[in-house]
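If you're matching positions, the sequence shown starts at -3 in our numbering and goes up one per residue. Here a beta-carbon is modelled for each residue, glycine too, at the ideal position from N, C-alpha and C. Single-structure report; data block below.
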Amino acid sequence: MGELNLILKPFTAGTALAKIPGLTPGQLVNEMVTSGIKGRGGAGFPTGLKWGFASKAQGDQKYIICNADEGEPGTFKDRLLLDEHLPALIEGMTLAGYAVGATKGYLYIRAEYPALCRKAVEYVREATEKGLLGENVAGKGFAFHIEVRKGAGAYVCGEESALFCSIEGKRGEPVVKPPFPPSVGIWGKPTVINNVETLCAVPHIVLNGGSWYAGYGNEFSKGSKVFSVSGDVDNPGIFEVELGKTTIEELLAMAGTDIDEVKAVSMGGVSGRLLPNTELTKPICYRNGYVGGGAVIVYGWDRWIADILLNISEFFEEESCGQCTPCRLGTAQMVEGLEQICDGRGNSKLLATLTELAEVMADSSKCGLGQSAPTPFLDAIKYFKDEILGWEV
-3 MGELNLILKP FTAGTALAKI PGLTPGQLVN EMVTSGIKGR GGAGFPTGLK WGFASKAQGD
57 QKYIICNADE GEPGTFKDRL LLDEHLPALI EGMTLAGYAV GATKGYLYIR AEYPALCRKA
117 VEYVREATEK GLLGENVAGK GFAFHIEVRK GAGAYVCGEE SALFCSIEGK RGEPVVKPPF
177 PPSVGIWGKP TVINNVETLC AVPHIVLNGG SWYAGYGNEF SKGSKVFSVS GDVDNPGIFE
237 VELGKTTIEE LLAMAGTDID EVKAVSMGGV SGRLLPNTEL TKPICYRNGY VGGGAVIVYG
297 WDRWIADILL NISEFFEEES CGQCTPCRLG TAQMVEGLEQ ICDGRGNSKL LATLTELAEV
357 MADSSKCGLG QSAPTPFLDA IKYFKDEILG WEV
């Protein structure tokens, strides 16, 4: 399979909005359901289903939030979309507002992207002047306003409830669910929160139809996915591929790398799967958990798995909000144990203790950060256990 351009292609602002006279809010929600698109930020929840819940929720005010708080190592595809496909993103937010009855949107951009924050503010101003945002969007009789917010600088603010807290001026930390955002979100109002890539796809789905988008992919993973590939590759970059049919091997070939040169791959980011060379011929699909947030980090044969795990664990220890014990203490103990292994002081008993710790973190952490932090370690135990202790330090 080769590259696609369902999303990474030119878009003219206002063209999807022009479809609104012949498209009721309910019909637009149905088009999203038909498309089969799932959230492209990592969770993979069906977008049409989320919009449907929000459209039926009762509230005098509803909100659309674009989560552009891209903070995971190896993830940089949203940066490209914000820079080169901003008109599609803003129109996607506006169409989402029309579909669910929201009149206000927040574009929450990572603080480390200051130039993109300024660019977004300027574009929103221009779009409002042109009538593509405001009280009478494109003359279609509905109102939608967008406010650009700069992220709080913490990775955990990418978690939706922590992001809400950040916008509300509170400490950015996760809140227990339910209730879920489509019924009770930011400011206690019905809220749709989608990733940059998801919203960039919306105008193209409106222009071409949900069935068009669903024609790509397979039964479990419709459409395309944008991946950022980095690490030990000859041609790092951003690639859009068809889900369910493109293999990891084919994606890495686009980045100029043969799988014979690869020991392991972080598939879906450092919170995703850590896969060995033998798993790379499988298709990229939500069903096997290989999609995630779209980051792909490649490790050559000279990389030590224990060193990779320590690097990943240090990131999660630094980014833990500290609210729940399994994540706060678990990430710290994971770092301590992996430091011992990397110093040549590891043994099978320590590895068993860390495995038990990882399982507890995955089962009992409060949010996705703590739940997913041990995923690479557990994969390493499955695929690289002998190497972790057997490497010559």
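Bridge-paired residues (DSSP) for residue i
i    : result
Y59  : K100 and T187
M89  : Bridge partners of M89: none, in fact.
Y295 : A260
K34  : P42
G213 : K218
E143 : Y102
V237 : K221
Buried or exposed (CB count within 10 angstroms, at least 16 for buried), residue i
i    : result
G22  : exposed
L4   : buried
I377 : buried
D65  : buried
A251 : buried
P174 : exposed
P17  : exposed
T371 : buried
V389 : Interpretation of V389 is limited by its pLDDT of 47, a score under 50 that renders its predicted location unreliable; the figure taken from the coordinates is listed afterwards. Flag for V389 reads exposed.
W297 : exposed
P170 : buried
T445 : No information on residue 445 is available, as it lies outside the stretch -3 to 389 that the chain covers here.
G48  : buried
K146 : buried
V261 : buried
K34  : buried
G168 : buried
Beta-carbon spacing of residue i, residue j below 7 Å
i    : j    : result
E355 : V331 : no
I304 : G227 : no
I60  : G101 : yes
A116 : L129 : no
T253 : T277 : no
C363 : E155 : yes
V25  : S51  : yes
F380 : I301 : yes
L365 : V152 : yes
F7   : A84  : yes
Three-state secondary structure (DSSP) of residue i
i     : result
R269  : strand
G227  : strand
I16   : helix
E169  : coil
R121  : helix
A64   : strand
E352  : helix
T243  : strand
P232  : coil
G285  : coil
V389  : Because V389 carries a pLDDT of 47, less than 50, the predicted location of this residue cannot be relied on, and no value is offered for it.
E(-1) : coil
P110  : helix
E310  : helix
G326  : helix
G130  : strand
G10   : coil
P21   : helix
P372  : helix
K381  : helix
P279  : strand
R341  : coil
Proximity to residue i [Cα-Cα], best of the options
i    : options                   : result
G135 : C320, K15 and E(-1)       : K15
K73  : I142, K221 and V144       : K221
V188 : E335, L91, Y286 and H81   : L91
L334 : F373, E315, K278 and K362 : F373
V237 : D56, I308 and G290        : G290
E122 : A328, G10 and G240        : G10
P186 : L353, T349, Q57 and Q336  : Q57
I105 : A148, E118, H141 and W300 : A148
Y286 : G88, G40, G211 and C320   : G40
T321 : Q367, I308 and V266       : Q367
R299 : A158, N1, G184 and P272   : P272
G318 : C196, A158, G205 and L0   : A158
L325 : H141, E310 and R145       : E310
I86  : C323, P232 and C196       : C196
G342 : A249, G268 and G386       : G386
L13  : Y109, M89 and D230        : M89
L306 : C323, A249, Q329 and G288 : Q329
G419 : V258, G37, E(-1) and G32  : Look at the range of the chain in this structure, -3 to 389, and you will see that residue 419 is not part of it.
P178 : H200, P42 and M263        : P42
S361 : G340, D375, T327 and F223 : T327
S224 : Y212, L247 and L203       : L247
H81  : G93, L112 and N214        : L112
Residue i at chain C interface by Cβ criterion, 7 Å
i    : result
N214 : Going by chain labels, chain C is absent from the structure shown, which holds only one protein chain.
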